[in-house]
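All remarks here apply to the structure that follows.
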Amino acid sequence: MKTIKIILLVVLSLGAFSCSDFLEEEYLAGANTEQYYTSAAGMESLIASAYVTNKIWWAQEEGYDFSTAGTDIYDYGQQHPQQYQYTFTTDFDPTNSRLVILWVEFYRGINACNDAIDILSDPERTPFTEPKTKVRLAEVRFLRALYNWLIVETWGGVHLSTEPVKGVVLEANRTPVEDFYSLILEDLDFAVENLNAGDNTGSSDFGRVTKMAALGFRSRMNLTWGYYSGDNSFFTAAANDAQSVINSGNFDLWDNYADLWELENNDNNPENVWAINYSRTEYAAMNVDPDTYQSYQRAGDKPWDDREGGHLGHLMFGMQYDIIPGMTRDVENGRPFRRYNPTMYLIDAFHEDVDERFYGSFKTTWIANDPDTTRLKWPRAGWHSDENDPLNGKPVVVPGDTCIFFYKGVFPEDDTLIENDVLQNYIWHYERNFWTLDHSYMFNPDGTIRGEKTNDRNLCFELSKFLDPGRPAANGTGSQRGIRDCYVVRYAEMFLNAAEALWKAGDGPGAYNLLLPLANKRSYDGDGAALLASYGINGGADLTLEFFLDERAREFCGEQMRWFDLKRTGTLVDRMKQYAGNPSARANFSEKFTLRPVPQIQIDATGDPSYQNPGY
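Last residue of the sequence shown: 616 in the numbering used here, with the numbers rising by one and none dropped.
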């Protein structure tokens, strides 16, 4: 283990704020912290602070940036403020501000976990009874495993922190990836063994770690380490964990995939194994001051960055519908930040004639809602120009009309399209009376995104999973705060984890049988065998890694899984070169980019550039 001098940036104080019934936290620093945390109220507050780190990553822009975008399924959108992250040039370097935030906050979360573990592991200092101590200790060890996984998959074998940090740390280590996963699995083993089936399942405990959450996440970690280690016993363990969740009887799959994402089904969703819960009242959990690199709560103390919190996915994947004549921004259609565009690979991965998940994941149609019908009237481009034409002088679209339709196919050559009429790069389909883009206008033949035909990536198939039509406003205060819970472990994953693990362990027929229940639910007519056959899978012998990656793209697009799926399977470089949404990424992506750069603030603190990841 290599040890070098470094200042490990760990935050020792947070402000208190409310996120849910149990997330009332007050993480303190100073002489009285030991006394406070050995009280029941103090320990509950410390544990709550450990949970808060999730709200830096899950359903937040920083999290989507480094889990979903920059993969084979998503590229940058027109309004992404750091597009260079996805062209993979030398501009993507250790000064990246978003990586600074994640570095600081992940280690802050781990330090909160280590503080709690240190006290709860001591019978003389724990403030709880033995049964409750086991439950709370299981929770924080689960959280430590989760944050260590995010660290090691982002930066590789960097500092592995296992003890509480009481001040500035001048020593840190370069730790082998194997040691990270050893501790991750050890922590998850403890969580599984010490959580009973009924622990943390009450309504006031929603969001706390449960036994099913621990089993589900351990399934993911065993699957991951099975690939890295080459040891098939981990695949067997992954399958067993996933099947324990499947056989628990606690969860179910929706008959209609779109129902999974209906806002009214957000609470008590039968596919949710473990989620991060959000509300309409919270600010973004934390930010890092660019001058001091210390964390602060976004609640008005830094007016220049007073960002609203909640589930922000509804902002990130939207397209700029409100610049199209006939449309105006409203709550139902959302506030599009246009951060990310889907790749052609993702759009083409679905057989939408038999698979519910395409139309259950993407919005393709917008209904005219602008009461101002003067923006666009006939005649246009010579159409309806005769003075006796009954449409002459009439609005092209009126509220209630289909205004925009994005077509996954290619319109026939004899369809009449009026190109570049009225507004550059928007195409009017004359016979069908709507604005449109089809496949050939969205993507180049090689699969890269056609910026010149999508208004510089302002227009795209819009991921609809996270839309939040219950927000109080279309713009301004309240327009950002999404109330959705962010599903971290979902029931469908258990079927795919178990199937992939069995396939890797050599049991193709068993893997196929585990794919069928999910396929039955995702098929329009309930015929899972036919759905799988449409993707070339007629039995266990047909299964391939490519199929599993395609299937996980169809099931989990936008859900912060993709980077990790490609990385654990060793396919990240090849698939970026084949499917990335921009030519620069295809040309530049290399093994170097499978790790992110360690923030420069850490390198500067040591004066030793050897701590940096290779190539940066």
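Just so it is clear, CB atoms sit at the ideal spot from N, CA and C, and this is done for glycine as well.
query	result
For Phe617, the three-state DSSP class (helix, strand or coil)	The first residue shown for the chain is 1 and the last is 616, placing residue 617 beyond what the model contains.
Beta-carbon proximity list for Thr95, same chain, < 6 Å, skipping 5 on both sides	Gln600
Assigned exposure category for His351 - 16 Cβ within 10 Å defines buried	exposed
Reference Phe251, options Glu271, Met221, Arg136 and Gln82, closest by Cα	Glu271
Among Arg562, Gly508, Thr133 and Met561, the one whose alpha carbon lies nearest that of Ile537	Gly508
Alpha carbon of Glu124 to alpha carbon of Lys166, nearest angstrom	20 Å
Residue range of the unbroken alpha helix (DSSP H) whose run includes Cys113	Ser97 to Leu120
Beta strand (DSSP E) segments (min. 3 residues) lying fully within the region 563–597	none
Member of Thr162, Thr129 and Asn240 whose CA lies at the smallest distance from the CA of Met43	Thr129
Own chain partners of Asp301 with C-beta closer than 7 Å, once the 5 adjacent residues on each side are dropped	Confidence at Asp301 is low in this model, with a pLDDT of 43, below 50, so the placement of that residue is unreliable and no value is reported for it.
Other residues of its chain near Val209: CB distance less than 8 Å, five sequence neighbours each side excluded	Ala138, Glu139, Phe142, Leu143, Ala191, Leu195, Asn200 and Trp274
Test item: CB-CB of Ala529 and Leu514 under 8 Å	no
Test item: CB-CB of Asp75 and Ala580 under 8 Å	yes
Distance between Asn247 and Tyr524 (C-alpha atoms, nearest Å)	25 Å
Cβ pair Met319, Pro342 closer than 8 Å	no
Euclidean distance between Cα positions of Val598 and Gly482	31 Å
Three-state secondary structure (DSSP) of Asn272	strand
Outcome for Gln35 when other beta-carbon atoms lying within 10 angstroms are tallied against a minimum of 16	exposed
For Leu185 and Asn54, the rounded distance between their alpha carbons	19 Å
At least 3 beta-carbon pairs within less than 8 Å: the region 564–579 vs the region 66–73	yes
Where the alpha helix (DSSP H) through Asp75 begins and ends	Counting along the chain, Asp75 falls outside any alpha helix (DSSP H), though it belongs to the beta strand (DSSP E) covering Tyr74 to Tyr76.
Option in Tyr37, Pro379 and Val397 with minimal Cα separation from Asp389	Pro379
Cβ neighbours of Ala498 in the same chain (closer than 6 Å, five flanking residues each side left out)	Ala239, Ala242, Gln243 and Leu514
C-alpha gap between Leu518 and Val158, whole angstroms	38 Å
Chain-order list of residues whose beta-carbon lies under 8 Å from that of Asn222 (same chain, five-residue window excluded)	Leu185, Phe234, Phe235, Ala237, Ala238, Asp241 and Ala501
Sequence-distant residues of the same chain with beta carbon closer than 6 Å to Trp254, five excluded per side	Leu260
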